[in-house]
Amino acid sequence: MPTDCDVVVVGAGIQGAGVAEALSAAGHSVVILEQAGVAAATSSRSSKLIHGGLRYLESAQFNLVYECLRERRWLLANKPQLVRMVPFYIPVYRHSQRPAWLVRLGLTLYALLAGVTSGQSRFRSIPRREWDSLAGLDTHNLVSVYRYYDAQTDDAALTRDVMEAAIGSGARLICPGALLGAELTSSEVRVDFVAEGQLNTLHTRVLVNCCGPWVAATNDLCTPRLNLPELELVAGAHIELPVSLGEKIFYVEAEDGRAVFVMPWQGHILVGTTERKYTGDPRDVAPTEEEKAYLLQTVQQYFPMTRNLKISNICESFAGLRVLPKSSDNPFSRPRDTIICCDDLKRPRILAVAGGKLTSYRATAHTIVKKLHKTLSISAPKP
Numbered sequence: 003m004p005t006d007c008d009v010v011v012v013g014a015g016i017q018g019a020g021v022a023e024a025l026s027a028a029g030h031s032v033v034i035l036e037q038a039g040v041a042a043a044t045s046s047r048s049s050k051l052i053h054g055g056l057r058y059l060e061s062a063q064f065n066l067v068y069e070c071l072r073e074r075r076w077l078l079a080n081k082p083q084l085v086r087m088v089p090f091y092i093p094v095y096r097h098s099q100r101p102a103w104l105v106r107l108g109l110t111l112y113a114l115l116a117g118v119t120s121g122q123s124r125f126r127s128i129p130r131r132e133w134d135s136l137a138g139l140d141t142h143n144l145v146s147v148y149r150y151y152d153a154q155t156d157d158a159a160l161t162r163d164v165m166e167a168a169i170g171s172g173a174r175l176i177c178p179g180a181l182l183g184a185e186l187t188s189s190e191v192r193v194d195f196v197a198e199g200q201l202n203t204l205h206t207r208v209l210v211n212c213c214g215p216w217v218a219a220t221n222d223l224c225t226p227r228l229n230l231p232e233l234e235l236v237a238g239a240h241i242e243l244p245v246s247l248g249e250k251i252f253y254v255e256a257e258d259g260r261a262v263f264v265m266p267w268q269g270h271i272l273v274g275t276t277e278r279k280y281t282g283d284p285r286d287v288a289p290t291e292e293e294k295a296y297l298l299q300t301v302q303q304y305f306p307m308t309r310n311l312k313i314s315n316i317c318e319s320f321a322g323l324r325v326l327p328k329s330s331d332n333p334f335s336r337p338r339d340t341i342i343c344c345d346d347l348k349r350p351r352i353l354a355v356a357g358g359k360l361t362s363y364r365a366t367a368h369t370i371v372k373k374l375h376k377t378l379s380i381s382a383p384k385p
């Protein structure tokens, strides 16, 4: 039986867009099904950073940091209109849980993983005489300030750019297109979906589930279902405040020891993020009043100019959902590696992508392409 396409990708967040781009660039026919819109959920609700993940060194996720730093280098070189280097500042106080020597050690390791010959790996200690230029940072009990460089982006714009590249290579986007079910047979994957109020069917060789927080629900619509590990959703909130810190990003420590970013965003500052388990409908995720207060209190601890602000002064707030392996451990310390599951290790025909980082979307896509090489290298059935 002939198939309509080589691959159906379900989901148009950064992971789905990246997979569609990589597969279509490799010469495969691709259809993307998206129920709401490109970057409609998590991929427009991140911290807007392209970074290695300095904090992941604390949980010894060295391979993840190395991969993300490599991808950061590629994105800076190939998408300069969307990804740019920005100075990051880490203040260390007498009360900080991470002493200056530990921060310096982390930055040294970060620089080594980035490549010591790269200008992107530079960091230094800011001398005391320059502390007054740090955007109003509270200098009382300040011991050290370190500056290093990472990158910032518009996450939604980056996702749209990747999707446009996929479409430019021949991929077809169906949006809105809601998956009803997918069934694997001996010769194809039959995909039933609704678009424009009509029931439709696609016959494809492969289906890739890139549905982010809906990955498990989408897996339940597939026959056979993949054996996914136990997953849970972790919400991360951000708030936007009507003040400016210039072009500097600050990496500060909340009272509970969590790392929080305070960064410029559209003329204001964006503060985030939090981590709490979430069990509701992914469409309904939003910051709680406790999270807003937590983030506001954190920024006020470091910047006196914000201490007259109240929760009512928050310009905007949003929350995104991470997909993490289920565990009793604190979300802060859990692995952030992308989880890829498939129905057959040798010639997979249904795959699911859980988790993943904005920064490393290309690496995930290249892994998918490699996994599908044998499946898609076999000639498609002729009409």
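In this note's numbering, the protein residues as written are 3 to 385.
By construction, the Cβ of each residue, glycine as well, lies at the ideal position given by its N, Cα and C atoms.
If you're wondering where the values come from, they're calculated on a predicted model, not measured in any experiment.
Identify the residues that DSSP records as bridge partners of residue i: which are they?
i	result
H205	R192
E234	L326
P266	I271
C343	A354
F125	Y150
T225	E185
A239	A321
N211	V12 and A354
L200	For clarity, residue 200 is Gln in the given sequence; the question names Leu instead. Bridge partners of Q200: A197.
A261	E255
A180	V196
According to the neighbour-count rule (16 or more other Cβ atoms, all chains shown, within 10 Å of its Cβ), is residue i buried or exposed?
i	result
R162	buried
P385	A caution first: P385 carries a pLDDT of 41, below 50, which makes its placement in the model unreliable, though a value can still be read off. It counts as exposed.
R364	buried
N65	exposed
K50	buried
K359	buried
S379	exposed
S422	Because the chain is modelled from 3 through 385, residue 422 falls outside the range shown and cannot be assessed.
R351	buried
E198	exposed
Could you tell me the alpha carbon to alpha carbon distance between residue i and residue j, rounded to whole angstroms?
i	j	result
T220	Y304	43 Å
E23	A43	19 Å
E255	L109	16 Å
R260	T5	50 Å
D194	C224	10 Å
G170	R86	24 Å
N310	T300	13 Å
L209	L353	6 Å
V88	K250	7 Å
R74	G55	11 Å
S45	E291	23 Å
E277	R338	13 Å
V9	S31	6 Å
N211	V40	15 Å
C7	L204	8 Å
H375	R130	56 Å
V12	A102	46 Å
A286	E318	Strictly speaking, residue 286 in this sequence is Asp, with Ala absent from that position. The alpha-carbon atoms of D286 and E318 are separated by roughly 16 Å.
P178	L326	27 Å
A295	A239	11 Å
Q17	A38	15 Å
Y112	S314	38 Å
V196	K373	29 Å
M57	E190	Before going further, note that residue 57 is Arg rather than Met in the sequence given. Looking at the two C-alpha atoms, the distance is approximately 43 Å.
H53	V67	8 Å
G322	V236	8 Å
For the alpha helix (DSSP H) containing residue i, name the first residue and the last one.
i	result
Q302	E291 to Y304
A24	I16 to A27
C70	F64 to N80
K376	H375 to S379
A103	The sequence as given places Trp at residue 103; Ala does not occur at that position. Where W103 is concerned, the enclosing alpha helix (DSSP H) stretches over A102 to A116.
Hey, out of the options, whose CA is closest to residue i's CA?
i	options	result
R106	A28, V145 and A173	V145
A159	L84, G138, G183 and L71	L84
W133	N310, I169, T361 and Y95	Y95
L114	I92, L71, G179 and N202	L71
I316	G199, F125, V245 and V11	V245
V147	G214, L139 and Q17	L139
D346	C7, K279 and N229	N229
L181	R192, G172 and T187	R192
T340	L186, I92, P226 and L233	L233
V164	L298, F320, I34 and Q302	I34
K81	F125, Q154 and F90	Q154
R126	L136, S135 and R149	R149
K312	L297, T369 and A167	L297
E185	R207, K279 and G172	R207
Between which two residues does the beta strand (DSSP E) carrying residue i extend?
i	result
G54	Premise fails: G54 is in no beta strand (DSSP E) and is neither H nor E.
M87	V85 to Y95
D152	L144 to T155
L175	R174 to I176
K359	From DSSP, K359 is part of no beta strand (DSSP E); its letter is neither H nor E.
R278	R278 to Y280
V32	V32 to L35
V254	I251 to E255
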